[in-house]
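Numbering (full-length UniProt numbering), first residue to last: 1 to 168.
Following: one structure in structure tokens, then a few remarks.
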């Protein structure tokens, strides 16, 4: 009998989603470095359509909505989806379950001004198909903002940790 291969992100977070959601609020790497830098690089989001791909417990989705963005978001981990729905319960944000490694044809093409993948791409083995999908979703010159944890683990300077790619 063969086992079905579960997505890496779902396997990684389903067992400790609640602990992660609590810790990430004050964990220095996230609270003082990654999240403030990400928010800063996204700039003014008021009136923009933003896709938060791999939103985890919904911290950035909440911030984006509170700052005037229309947010569509998806995450692979059902437990994270529930935590984000609780966090964003009274906010106009669309939170869905979705897989970055699967076709994203359920999202409207050329509809997002900015796309955020904060720490989500670390759980994707093949990046080219993912960026192809994100390209189809982005408006011309949209900003795709993502962090890769391996740059931090390798001890590279902070400038090398900022991965922003303009899709033209």
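By construction, the Cβ of each residue, glycine as well, lies at the ideal position given by its N, Cα and C atoms.
- When DSSP states are grouped into helix, strand and coil, residue 22 belongs to the helix group.
- If you draw a straight line from the Cα of residue 107 to the Cα of residue 73, it is about 10 Å long.
- Approximately 6 Å separates the beta-carbon atoms of residue 39 and residue 63; this is inside 8 Å, confirming the contact.
- Ranked by Cα distance from residue 76, the options 139, 17, 66 are led by 17.
- CA-to-CA, the gap between residue 95 and residue 21 works out to about 16 Å.
- Residue 120 sits close to residue 53, with the two beta carbons spaced by under 8 Å.
- If you keep only unbroken alpha helix (DSSP H) runs of at least 4 residues inside the stretch 49 to 122, you get 59 to 66, 78 to 87.
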